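Undergrad: For the sequence shown, my numbering gives the first residue as 383, with consecutive numbering after it.
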Amino acid sequence: MPGTVLIVEDDLDTAELVLNGLRKRGFDGTILGSAKACVAWLQTGAADVVITDVVMEGMSGIELCLQLKKSHPDLPVVVMTGSASLETAIAAIRAGAYDYITKPVRMDGIEVVVARAVAHVKLRRELSRLRSESALKAQDHVIIGSSSAVRAVNEMIARVAASDATVLILGESGTGKELVARALHERSDRCAEPFVAVNCAAMPAALLESELFGHVQGAFTDAKRDRPGLFVQAGAGTLFLDEIGEMPIEMQAKLLRVLQERRVRPVGGDGEVPVRARVITATNRNLESAVRDRQFREDLYYRINVVQIAVPPLRERDADALVLAHYFLRRIAHRTGKQVESISVPAACKLLEYDWPGNVRELENCMERAVALCQFTEILVEDLPSKLREHGPVQHVISTVSLQDLVTIDEMARRYVRHVVALSDGNKTHAARLLGIDRRSLYRRLDMPPEQPTEPSTSAADAASECLPE
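(1) At a cut of 8 Å, does the region 699-710 reach the region 586-597 through at least three beta carbon pairs?
(2) Could you tell me the alpha carbon to alpha carbon distance between ALA397 and ARG498, rounded to whole angstroms?
(3) Quick one: is GLN777 buried, meaning 16 or more other Cβ sit within 10 Å of its Cβ, or exposed?
(4) Starting from LEU550, follow its DSSP beta bridges and name the residues at the other end.
(5) What do you get for LEU788, buried or exposed, if any count of 16 or more other CB atoms within 10 angstroms of its CB means buried?
(6) Could you give the C-beta distance for PHE710 and GLU746, rounded to a whole number, given that I count them as a contact under 8 Å?
(7) Classify ALA520: buried if its beta carbon has 16 or more other beta carbons within 10 angstroms, exposed otherwise.
(8) Would you mind working out which of GLU772, GLU698 and SER724 sits nearest ALA379, comparing C-alpha positions?
(9) Hey, could you find the ends of the beta strand (DSSP E) VAL432 is sitting in?
(10) With DSSP as the reference, identify every bridge partner of ASN747, one or two as the case may be.
(11) Among the candidates ASP652, CYS582, THR620 and ALA534, whose CA atom is the shortest distance from the CA of GLU632?
(12) Return the bridge partner residues of ASN581 from the DSSP annotation.
(13) Does DSSP put TYR825 in a helix, a strand or coil?
(14) Would you mind giving the Cβ-Cβ distance between CYS756 and VAL727, rounded to the nearest angstrom? I have them listed as a contact below 8 Å.
(15) Give the DSSP-derived three-state secondary structure of MET633 in the structure shown.
(16) Which same chain residues end up closer than 8 Å to ALA618 when comparing Cβ atoms and leaving out the 5 residues on each side of it in sequence?
(17) What are the partner residues of ARG569, as DSSP defines its beta bridges?
(18) For THR386, which three-state DSSP category applies?
(19) Please state whether DSSP places HIS597 in a helix, a strand or coil.
(20) Between ASP456 and GLY719, what straight-line distance do the alpha-carbon atoms span, to the nearest angstrom?
(21) The alpha helix (DSSP H) spanning ASP395 covers which residue range?
(22) Which of the three DSSP states, helix, strand or coil, is assigned to ILE483?
(23) May I ask you to report which of helix, strand or coil DSSP gives THR557?
(24) Just to check my reading of the structure: ASP435 and ASP392 have Cβ atoms closer than 8 Å, yes? What is that Cβ distance to the nearest angstrom?
(25) CB-CB under 6 Å to GLU493, same chain, minus the five flanking residues each way: which ones, in chain order?
(26) Rounded C-beta distance between ARG685 and THR811? I'm assuming under 8 Å.
(27) What three-state label does DSSP hand ARG488 in the structure shown?
(28) Could you tell me the boundaries of the alpha helix (DSSP H) in which LEU468 lies?
(29) Does DSSP classify PRO728 as helix, strand or coil?
(30) Express the C-alpha separation of ASP430 and VAL503 in angstroms, rounding to a whole number.
(31) Please state the DSSP three-state secondary structure of VAL640.
(32) Quick one: grab the DSSP three-state call for LEU414.
(33) Going by beta carbon distance, what residues of the same chain come within less than 8 Å of GLU439, once the five residues before and after it are set aside?
(34) Alpha carbon to alpha carbon, how far is GLU554 from ASN741? Give it in angstroms, no decimals.
(35) Measuring straight from C-alpha to C-alpha, what distance separates ARG507 and THR426?
(36) Round the Cβ separation of VAL614 and VAL655 to the nearest angstrom and send it over; I've been treating them as touching at under 8 Å.
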């Protein structure tokens with residue numbers, strides 16, 4: 383469990399004694415001659431533990447504890463003192479010290495304290511990582527976004543998740559229909575049971591029948607042994623039938639029978655097996671039109687369409703592209719360990735201009751690429767795919783507006799920020815979160831003092847028209 387230790391001590395002999403002893407025990411360390419040097423070092427470097435003397439020229443060890451408690455609250459500080467007085471120990475602990483040791487130092491004692499401090503900080507970091515992962519996973523159980531359309535979807539998920547009713551999820555490819563199905567599963571009493579998904583368009587009728595219902599040994603040439611189907615494998619969990627609109631017509635009658643009788647007969651078998659799973663279906667087709675064209679059974683349509691959830695395309699979700707972009711940025715940066723923290727205003731404008739024909743899936747791929755190419759802590763326009771960089775009214779503006787109509791970059795940014803505030807229904811905290819900036823920066827962009835309670839009324843339509851001149 384060795385870690386990195388900063389030794390803050392103006393007595394070089396004592397500092398080297400401690401450092402050499404810790405190095406023999408596997409720790410790495412650096413000697414700093416003053417508390418101010420420690421503060422400066424931590425602005426760019428990292429450590430697992432700080433060991434500091436109390437009495438030093440300039441800032442004392444107690445004052446260093448107080449400062450590090452504010453700037454690095456998770457960094458353990460061990461105080462060395464030449465006095466064994468209770469007052470010094472109490473002052474150190476009150477200042478935020480993790481522990482204290484007395485001089486002359488004994489290496490066996492200091493090793494125990496440092497090892498315990500390193501274990502403590504690593505445990506806190508692991509807990510922080512797990513909390514971060516838990517927060518990200520919790521967001522997987524809702525549709526990310528702030529638009530009214532997404533709020534309606536999440537409200538419907540919350541209302542029907544606990545029900546056993548069959549749900550039909552409608553939406554274009556890439557809108558997140560499977561995510562809705564998983565959210566329904568995770569927020570239900572079935573969450574501890576399996577979630578099993580199958581794409582009905584990915585296999586022919588004969589193979590799909592065996593996949594869903596299972597088969598017995600000898601049912602066909604390759605049936606070497608009995609195999610339970612997905613209805614049985616799902617147990618008391620959820621079976622998600624994606625792209626059900628592409629299911630062959632001959633399979634639809636067999637599926638209808640299973641849904642009606644809640645029993646399934648494996649291919650080649652005589653007996654039936656009870657079905658306990660909840661069934662959720664999804665399609666990007668207009669099933670009502672398919673019913674009229676006799677491409678989809680009407681009785682099956684009504685059987686699966688007990689509750690309907692329509693997932694809107696990304697182009698109809700106001701500023702959700704920006705919300706999702708920041709969400710994907712956090713996930714990807716967390717997964718890859720890359721220090722990318724925000725999206726520049728010009729890049730954000732490009733994300734909002736684009737119509738996202740591939741919906742959320744396309745946006746996620748875009749952010750994967752942007753994080754991979756990003757060389758700074760902020761996503762820039764050049765990190766985006768060429769179709770986004772070249773998309774939008776910017777080229778049109780350059781070729782059609784007169785010189786007197788052109789505005790500065792600062793004015794363009796101000797209009798864009800007003801646009802995001804309007805899309806957030808005037809909620810500046812939410813708008814700042816979308817933009818990846820703090821409230822003070824947002825007010826500065828709006829040329830408005832932070833304490834000012836009101837702002838000029840701006841409708842979404844007015845702000846949108848101001849975002850870029852036409």
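All residues carry an ideal CB built from backbone N, CA and C; glycine is no exception.
Please read all numbers here as calculations on a predicted model, not as lab measurements.
TA: Taking the definition as stated:
(1) Using a C-beta cut-off of 8 Å, the region 699-710 makes no contact with the region 586-597, since fewer than three inter-stretch Cβ pairs fall below that distance.
(2) As a working mapping, residue 397 is identified with position 15 in the sequence shown. As a working mapping, residue 498 is identified with position 116 in the sequence shown. So the two alpha carbons sit approximately 20 Å from each other.
(3) On the sequence shown, position 395 is the one that residue 777 refers to. For GLN777, the predicted model reports a pLDDT of 37, less than 50, meaning its position is unreliable and no value from the coordinates is stated.
(4) Within the sequence shown, the letter at position 168 stands for residue 550. LEU550 pairs with THR663 and GLN690.
(5) Taking the first residue of the sequence shown as position 1, residue 788 is located at position 406. Interpretation of LEU788 is limited by its pLDDT of 48, a score under 50 that renders its predicted location unreliable; the figure taken from the coordinates is listed afterwards. With fewer than 16 other Cβ atoms within 10 Å, it is exposed.
(6) Within the sequence shown, the letter at position 328 stands for residue 710. Within the sequence shown, the letter at position 364 stands for residue 746. About 5 Å separates the beta carbons of PHE710 and GLU746, which is inside the 8 Å limit, making them a contact pair.
(7) Within the sequence shown, the letter at position 138 stands for residue 520. Note that ALA520 has pLDDT 48, beneath the 50 cutoff, so the model's placement of it is unreliable and no number is given.
(8) In the structure displayed, the chain extends from 383 to 852; residue 379 sits before or after that span and is not available.
(9) In the sequence shown, counting from the first residue as 1, residue 432 sits at position 50. Segment 431-435, the beta strand (DSSP E) holding VAL432.
(10) Mapped onto the sequence shown, residue 747 falls at position 365. In the DSSP output, where bridge partners are listed per residue, ASN747 has none listed.
(11) Within the sequence shown, the letter at position 250 stands for residue 632. Looking at the Cα atoms, CYS582 is the closest of the given residues.
(12) Taking the first residue of the sequence shown as position 1, residue 581 is located at position 199. Bridge pairing for ASN581: ASP624 [DSSP].
(13) Here residue 825 is taken as the residue at index 443 of the sequence shown, counted from 1. TYR825: helix per DSSP, three-state reduction.
(14) Residue numbering aside, residue 756 sits at position 374 when the sequence shown is read from its first letter. Residue numbering aside, residue 727 sits at position 345 when the sequence shown is read from its first letter. Approximately 15 Å separates the beta-carbon atoms of CYS756 and VAL727; this is outside 8 Å, ruling out the contact.
(15) Residue 633 sits at position 251 when you count from the first residue of the sequence shown. The answer is helix: DSSP assigns MET633 an H, G or I state.
(16) The residue labelled residue 618 in the question sits at position 236 within the sequence shown. So the list reads ARG572, GLU575, ARG658 and ALA659, once near-sequence residues are dropped.
(17) Taking the first residue of the sequence shown as 1, we reach residue 569 at position 187. According to DSSP, which records beta bridges pairwise, ARG569 is partnered with nothing at all.
(18) Position 4 of the sequence shown, counted from the first residue, corresponds to residue 386. Residue state for THR386 is assigned as strand, using DSSP reduced to three classes.
(19) In the sequence shown, the residue the question calls residue 597 occupies position 215. Strand.
(20) To locate residue 456, count along the sequence shown from 1; it is residue 74. To locate residue 719, count along the sequence shown from 1; it is residue 337. Put simply, the backbone Cα of ASP456 is about 20 Å away from that of GLY719.
(21) Numbered from its first residue, the sequence shown carries residue 395 at position 13. Looking at the DSSP string, the run of the alpha helix (DSSP H) that includes ASP395 is 394-406.
(22) Residue mapping note: residue 483 aligns to position 101 of the sequence shown, counting from 1. In this structure, ILE483 counts as strand in the three-state DSSP scheme.
(23) The residue given as residue 557 occupies position 175 in the sequence shown. Collapsing the DSSP output to three states places THR557 in coil.
(24) Within the sequence shown, numbered from 1, the residue matching residue 435 stands at position 53. Within the sequence shown, numbered from 1, the residue matching residue 392 stands at position 10. Indeed, because the Cβ distance is near 7 Å, the residues count as touching under 8 Å.
(25) Translated into positions along the sequence shown, residue 493 becomes position 111. The residues are ARG407.
(26) Here residue 685 refers to the residue found at position 303 of the sequence shown. Here residue 811 refers to the residue found at position 429 of the sequence shown. Contact doesn't hold; Cβ gap of about 45 Å is too wide.
(27) Position 106 of the sequence shown, counting from 1, holds the residue named residue 488. Coil.
(28) What you label residue 468 is simply residue 86 of the sequence shown in a count that begins at 1. Taken as a continuous stretch (DSSP letters only), the alpha helix (DSSP H) holding LEU468 covers 468-476.
(29) Looking up residue 728 in the sequence shown gives position 346. Assigned with DSSP and collapsed to three states, PRO728 falls in helix.
(30) Reading the sequence shown from its first residue, position 121 is the one you call residue 503. Reading the sequence shown from its first residue, position 48 is the one you call residue 430. When rounded, the distance between both Cα atoms is 7 Å.
(31) Against the sequence shown, residue 640 aligns to sequence position 258. Looking at VAL640 - three-state DSSP - the assignment turns out to be helix.
(32) Against the sequence shown, residue 414 aligns to sequence position 32. Of the three classes helix, strand and coil, the one that applies to LEU414 here is strand, per DSSP.
(33) Taking the sequence shown and counting its residues from 1, the one referred to as residue 439 is at position 57. Shown here for GLU439: same chain residues with a beta carbon closer than 8 Å to its own, the five before and five after excluded, namely ASP392 and SER416 in chain order.
(34) Position 359 of the sequence shown, counted from the first residue, corresponds to residue 741. Position 172 of the sequence shown, counted from the first residue, corresponds to residue 554. One C-alpha to the other measures close to 8 Å.
(35) Counted from its first residue, the sequence shown places residue 507 at position 125. Counted from its first residue, the sequence shown places residue 426 at position 44. Separation of ARG507 and THR426 (C-alpha to C-alpha, rounded to the nearest whole angstrom) is 19 Å.
(36) Here residue 614 corresponds to residue number 232 of the sequence shown, with the count starting at 1. Here residue 655 corresponds to residue number 273 of the sequence shown, with the count starting at 1. About 6 Å separates the CB atoms of VAL614 and VAL655; that is less than 8 Å, so the two are in contact.
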